[in-house]
Amino acid sequence: MEDFISLEHIVKVYPPSLLAVDNVSVGFRKGEIHSIVGENGAGKSTLMKLLYGLIPFDSGTVKMNGAPVRFHKPGDAIAMGIGMVHQEIELIPQYTVWENVVLGAEPVRGLGGTLDTTGAIELVRRKIDEFQFNLDPSAQVERISVAARQKVEILKLLYRNVSVLILDEPTAVLTPQEIPQLFAELKRLREAGTTILFISHRLDEVLELSDRITVMRKGKKIATVAASDTDKGALAQMMVGRQVIFTSKRTPHRRGDCVFEAKGLCVARRDGLKLLDDVSFSVHAGEIVGIAGVEGNGQFELVNSIMGLRTPSSGSIKVNGREICGLPILERRRLISFVPQDRARMGASLAASILDNAIMTHHRLEPSFSAWRGLVLDYRHARAFTDELVRRFSVQASSRQSLFRSLSGGNQQKLILGREFLLSTPFFLMDQPTRGLDVGSSEYVHGEILSMREADRAVLLISADLEELFLIADRILVMHRGQIVADLTTERTTIQEVGRYMLEGKRTA
Amino acid sequence: MTRRILSGVLGVVIAFVVGALIMLIEGFEPLATYGALAQFSLGGIGPLATTLKNSVPLVLTGLSAAIAFASGPVNLGQPGQLVFGALAATLGGLYISLPPMLEIPLLLLFAIAGGALWSGLAGLLKQAFDMSEFIVTLMLNMIADFFTAWAIAYPFMDRKAFSPMTPPIAQSGWMPDIGPLSSSVLLMLAAVAVMWFVFQRWRAGYEWRITGQNSLFARLGGCDVRGNFMAVMLVTGALAGLAGGLVVMGGPHRFIKGLGANYAWDGIMIAIMANNGLIETLIYGVFVAAIQTGALGMELITNVPSEIAQVLQAVLVLVIVATREYAVVVFDRLAARHQAKERTT
Amino acid sequence: MNIVIGLITGMIAGATPILLAALGGTLTFYAGIFNIAMEGMMLMAAFAAVLGSFLFHSWVVGVLFAIAGAMILALIFIFFSVTLDTDEFVTGIALNLFAVGSTTYLLRQIFKVKGVFTSKLIDSIPNIHIPLIEEIPLLGPVVSGRNLIVYLAVIATIFCYYLVFKTRFGLRLRAAGYNPNSLDSSGVRTSQMRIYSLLLCAVFCGLAGAFLSLGYVTLFAENMTAGRGWISLAAIILVDGHPYGIALISLLFGFFDGLGLFLQNYGVSSQFTSMVPYIATLVALYVYARRNRERERSTL
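Protein sequences appear in the order of chains A, B and C. According to the working numbering, the first sequence is numbered sequentially starting from 1. According to the working numbering, the second sequence is numbered sequentially starting from 510. According to the working numbering, the third sequence is numbered sequentially starting from 855.
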C-alpha cells in the first residue's frame, strides 16, 4: 500500500545542541491508526510537531501523496488536512466550547468581520451531533472535565475537516474507564476514513488500538511493525534498548511508629465547595504510602496544606507528634523533605547555579553553612557539600557553577532528590517525582525512594502513574473529589479496583 | 563569560553606528562628534575626574535598580527616592553645623534615611495592602517631585535666589576633593564593593538572588521572602537616597529646582544595560556618565546639541539589550544547524 | 453653576488623553503584551502634532503627524519586541526614554528653543458645536462645544468594545493574550495579532498626544505627558482592560485633575494640586488590591 504521508531523513536539533530527531524516515498510510511509541525524550512528540509545522526542522523532506510539502505554520498543515491535539490541552479556558472550536476559522457576517454567533453555535452543534460527542457548545471550557476538553480539541480539528489526526499522549489525562470511550471514537473515525497518528508510551493501549506501530529511541527510528506481529515485551525492548522487568522491587520491611498524621483536614472555597473534605490518614516510619487519583481531586490542595502554601479551613497535620498547621514554612522544613511535581516552578531556580540550587534549605537549617553568626554563608562548605551531593547521586554536570537549566531532566531531578534526601527529616513528601523522566531515571528515583524506606523514613508519594504506585508503595490511598475514598494494601488490590475508585469514588465500595 | 563581554561590546558598537547614522541624517560629522565626546569625557585628568564625579548618581541609582530587579521587587522609584534623599541631606545641612568629620556622615545618613523612607512607604503598601510596587513607586516619583518642588519654593526657599532653590548647606557638609578627584567617587566605589559582598556572600544576598529568580522556590525552601522584600526595598531606596545626598553635597551644595530630573530614568536604564549585574552596572554607569559629560563639551566645539546624548542613550539601551538577547539565539541556532548538517552527511 | 461646568470641563479635558491612551494600551493588553510605551508614544505624538500643524498651518496635518509619530515608536517596538524577542518591559522603558530624548533634541534642533515651543502659526483642533443640543439648558453646554478629539474618544470607546468582544479580530486578539499556543495551533499567528494591536495602540496614542498639544493649548513642552501614560496603564490594570471600565476610570482621574486646577483658585499651591491625580491613582490601586484579595479568598 502506498504511503499517504512520508517523512524522509528528518533531522531536528533544538538550539544549541539537543539532537531531538536524528535522521528519521517513516511513512503513514491512509485510514490507518499508526502509533508512535518511545520513552519520554525519544523524540516522538517533536517528530509530530515538525510534521504539523509547529516547529521548523533542520533537514529532510515531508511528502504527501508523493509530492513534497513544507508547512511553515500549523495553518498550512490544517489547510492540507492535518490536525494535531497536543499533550497539554491547548484550549482557552476563558472561552466557550464553540469559541474554541471556531477560533481561526470563524463564521462572520456583515462588514468589519462581526462574529456570527448564532451561526457558529449551530455549526458546532451539528459537528457535535455528527460525531456523537455529547458536548454543550455554550459551556465554558474551564468548567468542563478533562475528557470533555480533549473532545473539544478533536472537534476543533474535525470542524476544519482534517483527514489526518495527530494525538499526543491523549490517554495521559484520562482515567482507565474513560480510555475505552476514546478508543471507540477513534476507531469510528478510522472507519470514516481518517488517518490517526497516535503518540503514546503505554504499550497495552498501543497494541489494542493500532494497525501499525513505529518505535523511537533517543531521536532515532528503531522499527515500524504491524501490531499483530509484535507483543509488549518486544516493543519494550525496542523502546528501552534492553530487557525491562515489569515487577516490583519491593522487599518486605517492618513499619515503625506513626510519623505523619492528618486528621479531619478540610480546605473549602468561600462558596462552600470543599476541595479537601475531611481527609485523615497516617504514614509510618519505613512505609511508602501512595496517593492515587485523577489530577484535580484535591492532591494539589493536600500538598499545599502540608507545605504551608495554603491554610486549611479545619483539621490538623502532625509530624512526629508536632502540629504543623500555622507553622512558618522554615519550621515545617525541619520535619519535611519535599520533591514537587513542577521542578521549574517549585523545586529549583533554573537561572541559578547547581551550587545555589543544592544548598537551598540547608543554608538555613544547618549551622555548618553559616559564618559570622548567620550573616554570611560559608561558601567553602557549600562547595564541598555540592560536590558530595553531585557525586553521591551521580548527577551528570560539567561543573558546580553551571546553570541548573543546562542539566537534563533526569539530572535535575537527581539533584533535587539528593538535596531533599540529605535534609535530616523524618517525613518525605513526593509529588509526581518521575513525571517527564525516562525509564532509566525513573528506575533510579524508585530505587532512592525505596532506600528512604530502608532508612526508616516515612514517604508520602502522590502519583498519577498507577504502575509506579504498584511498583513501590506499601499502601495506596485513592482521592476523589477531595476525599480519601479507599485505603488499600498494594498486595491485596488491582489496578482495575483502584481505577474504579478513582473514577467513581465511594459508590463502588 | 567571553560571549557575554563580546555581545556587550558588539552592542555598544552597533549602537554607536546607529548613532552615527542619526548624526549623518542630521547633517553632523559623526567622527568629529564622537571625537569631541571622547575628548571632553576621557581626554585628560580633568575631564576624567568630571566624568567619574558625574557617574556617582548614575552608578548608585543603577545599583539600586539592579539589586531591586535581580531580587524581585520592581522598584522603579529611584527618581523619587533620590530627590527625597537629596532633600533630607539638604535640610540636615541647613540646620545642623558640626565639624566635617561628623557633619558628612550625618548628612549621608540623612540622605540614606530619606531614600529608604520613600521606598519603605512603597514596600509597606505592598506588604500591607498588596498594592503592586511597580505602579506605586511610579506614582510616588511624581508625588516626590511635586513635594520637593513645593519644599524649595515655599518653606525652605532661598529668598535671595531668582529661581526656586534652598540656601546653601553648611560648608562642613561639602564633600571634599582629593586632588582632582571628588571623594564622592570613593564612596561610590565603596558602595559597589559592599553591595557586591552582600549580594554574593551574605545569606540574605543568596536569598535575594534566588527569590528574584524564582520566589516560589525560595519560599518553599524556607527563605524569608516577605522580610527580604522589605529589606531589598529599604536597601535600594537607601542607595538612591545616598545618590541624592551626594548630588547635593558634592555639587551645588543646595537643592535647586529640577535637580532630580537629570537622573530620572538613568539608573533604571543602566541596570537594564548591565543585565542587573553589579560590576556591569559600575562599568555602564561610568560609560553613560562619559557620554553625558562629553556631550556638554561637544556642544561647545561642534554645533551638535547636547540633547543628542539622550537619544544616543536610548539607542544604546535598546541595541545592547537586543544584541545580548539575540546573540544567544543566533549562536544557539548556528550550533544547532551545524550539528544537523553533520547528522545528514 | 459655572463652577460645575468648569469642573466638568476640567474633567473632560483631563480624562480624554488618558482614555485614548488606555484604550490603545488595552488592545495590546488583550493581545498579551506588557506595553508600557504609551507614555512615549503620546509624547512623540504631541511633538509631531505641533510640528505638523506648525509647518502646514493645519490641524488635520497635525493629527496625521501625531499618529505617524506614535507609529514610529510602535514600529520600533514591533522590531525589537516581536521580531527580535527583546524583553517587553525593557523595550517599553527604552522607547519612553527615546521619546523624551528625541523630542527634547528635536525641539532644540527644529524650533531652536528649550523647554516650551508655541507659535501663532500652530493651528489647534477645533471645538464642535452640535446645533440643536447646544440650545438645551444645562445639558447643552456640557455636551456641545467640546473638542473634536473628545467626541472621537467617545466613539473610540464604543469601537474598542465592539472590536474586542464582538468581532473575529477581537476573538483572536484575546486568544493571543489568554493562550498564544492555542491561537498558533488554530492557524493564526499570535505575533501578527500583537503587531496589529501595537499599530492600533499607536493610532490611539497619536490622538491622545495630538489632544495634549493641539487641544486646549497650542504648544509643546518637554515631557508634557507628565506620567499620563503610566496612569492609563494603571487604569487598564484596575478594570482588567474593559473599555467601558476604562472610560469610567478615566473620567474619575479627569475629575481629580480638574479638581486640582479648581483648588488652585482657592489658594492651594499648585504643587499640591498637581499631586491629586497621582494620589487618586494610589487610592484606586488600594481599592483594586482589596477587591482582588477578597475575590481571591472567595474562589480559592
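All C-beta atoms in this analysis are idealised placements derived from N, C-alpha and C, irrespective of residue type, glycine included.
For this session: Could you check the C-alpha separation between leucine 1054 of chain C and isoleucine 1085 of chain C for me, to the nearest Å?
Result: 19 Å
For this session: Could you spell out where the beta strand (DSSP E) holding alanine 262 of chain A opens and where it closes?
Result: 258 to 268
For this session: Would you verify that the beta carbon of threonine 508 of chain A is, or is not, closer than 8 Å to some beta carbon of chain B?
Result: Here the model assigns threonine 508 of chain A a pLDDT of 46, short of 50, so the residue's position is not dependable, and the following value carries that caveat. Closer than 8 Å: no.
Exercise. Does the beta carbon of threonine 1021 of chain C sit closer than 8 Å to a beta carbon anywhere in chain A?
Worked result: yes
Exercise. Thinking C-alpha only, which one of C:Val954, C:Leu1092 and C:Phe931 is nearest glutamate 816 of chain B?
Worked result: C:Val954
For this session: Measure the Cβ-Cβ separation of tyrosine 1132 of chain C and methionine 651 of chain B and say whether it is below 8 Å.
Result: yes
For this session: Starting from the Cα of glycine 731 of chain B, find the closest Cα among A:Gly308, A:Leu47, A:Thr386 and A:Leu403 and give me that residue.
Result: A:Gly308
Problem set entry | 6 Å CB neighbourhood of isoleucine 621 of chain B in its chain, flanking five on each side removed | Ala747, Gly750 and Leu751
For this session: Just tell me which of B:Val703, B:Tyr663 and B:Leu825 has its CA closest to the CA of phenylalanine 952 of chain C.
Result: B:Leu825
Exercise. With a Cβ-Cβ cutoff of 8 Å, do glutamine 590 of chain B and serine 550 of chain B count as a contact?
Worked result: no
For this session: With DSSP as the reference, label isoleucine 288 of chain A as helix, strand or coil.
Result: strand
Problem set entry | Bounding residues of the alpha helix (DSSP H) (the contiguous stretch that carries isoleucine 5 of chain A) | Counting along the chain, isoleucine 5 of chain A falls outside any alpha helix (DSSP H), though it belongs to the beta strand (DSSP E) covering 5 to 14.
For this session: Mark lysine 232 of chain A as exposed unless 16 or more other C-beta atoms lie within 10 angstroms of its C-beta, in which case mark it buried.
Result: exposed
Exercise. Taking a cut of 9 Å between CB atoms, which residues from the stretch 1026 to 1055 of chain C lie near chain A?
Worked result: Arg1026, Arg1028, Ala1029, Tyr1032, Asn1033, Asn1035, Ser1036, Leu1037, Asp1038, Ser1039, Ser1040, Gly1041, Val1042 and Arg1043
Exercise. Ordered along the chain, which non-local residues of its own chain (more than five positions away) have a Cβ less than 8 Å from that of threonine 508 of chain A?
Worked result: Confidence at threonine 508 of chain A is low in this model, with a pLDDT of 46, below 50, so its placement is unreliable and the value that follows should be read with caution. Contacts found: Arg500 and Tyr501.
Exercise. What residue range is occupied by the uninterrupted beta strand (DSSP E) comprising asparagine 23 of chain A?
Worked result: 18 to 28
For this session: Starting from tyrosine 959 of chain C, find everything on chain B with Cβ-Cβ shorter than 7 Å and list it in chain order.
Result: Pro814, Glu816, Ile817, Gln819 and Val820
For this session: Kindly indicate which residue of A:Ile449, A:Val62 and A:Val146 has the alpha-carbon position closest to the one of asparagine 297 of chain A.
Result: A:Val146
Exercise. CA-CA distance, leucine 696 of chain B and phenylalanine 764 of chain B?
Worked result: 20 Å
Problem set entry | Candidates A:Val215, A:Asp356 and A:Phe133: closest to valine 26 of chain A by CA position | A:Val215
Exercise. Where in the stretch 533 to 591 of chain B do unbroken runs of the alpha helix (DSSP H), each at least 4 residues long, occur, reported from the N-terminal end onward?
Worked result: 539 to 551 and 554 to 580
Exercise. To the nearest angstrom, how far is it from the Cα of phenylalanine 198 of chain A to the Cα of valine 1018 of chain C?
Worked result: 37 Å
Exercise. How big is the Cα-Cα spacing for serine 337 of chain A and leucine 174 of chain A?
Worked result: 30 Å
Problem set entry | Partner residues on chain B for leucine 375 of chain A, Cβ-Cβ distance less than 7 Å | Trp711 and Arg712
For this session: Go ahead and label glycine 736 of chain B buried or exposed: buried means 16 or more other beta carbons lie within 10 angstroms of its beta carbon, across all protein chains shown.
Result: exposed
Problem set entry | Per DSSP, cross-strand counterpart(s) of phenylalanine 428 of chain A | A:Ser337 and A:Val459
Exercise. Does the Cβ of proline 426 of chain A have 16 or more other Cβ atoms within 10 Å, making it buried, or fewer, making it exposed?
Worked result: buried
Exercise. So does leucine 874 of chain C have its beta carbon nearer than 7 Å to some heavy atom of the ligand GDP?
Worked result: Ligands displayed in this structure: none; no statement on the ligand GDP is therefore possible.
For this session: List the residues of chain C whose Cβ lies closer than 7 Å to the Cβ of alanine 823 of chain B, in chain order.
Result: Ala948, Leu951, Phe952 and Gly955
For this session: Taking C-beta pairs closer than 7 Å, name the residues in chain C that proline 170 of chain A reaches, listed in chain order.
Result: Going along chain C, no residue has its Cβ under 7 Å from proline 170 of chain A, so there is no contact; the nearest lies around 15 Å.
For this session: Report the residue from A:Val445, A:Glu443 and A:Leu429 whose alpha carbon sits nearest the alpha carbon of valine 459 of chain A.
Result: A:Leu429
Exercise. What are the residues that DSSP puts in a beta bridge with isoleucine 196 of chain A?
Worked result: A:Ile33 and A:Leu165
Problem set entry | Alpha-carbon to alpha-carbon, valine 62 of chain A and glutamine 848 of chain B | 20 Å
For this session: Starting from glycine 60 of chain A, trace the alpha helix (DSSP H) both ways and give me its first and last residue.
Result: It is not in any alpha helix (DSSP H) - glycine 60 of chain A instead sits in the beta strand (DSSP E) that spans 59 to 64.
For this session: Measure how close the beta-carbons of glycine 544 of chain B and alanine 783 of chain B come, nearest whole angstrom, since I'm counting them as under 8 Å.
Result: Glycine 544 of chain B to alanine 783 of chain B, Cβ: 26 Å. No contact.
Exercise. In chain order, what residues of the same chain have a beta carbon less than 8 Å from the beta carbon of valine 915 of chain C, not counting five sequence neighbours either side?
Worked result: Gly906, Ser907 and Leu909
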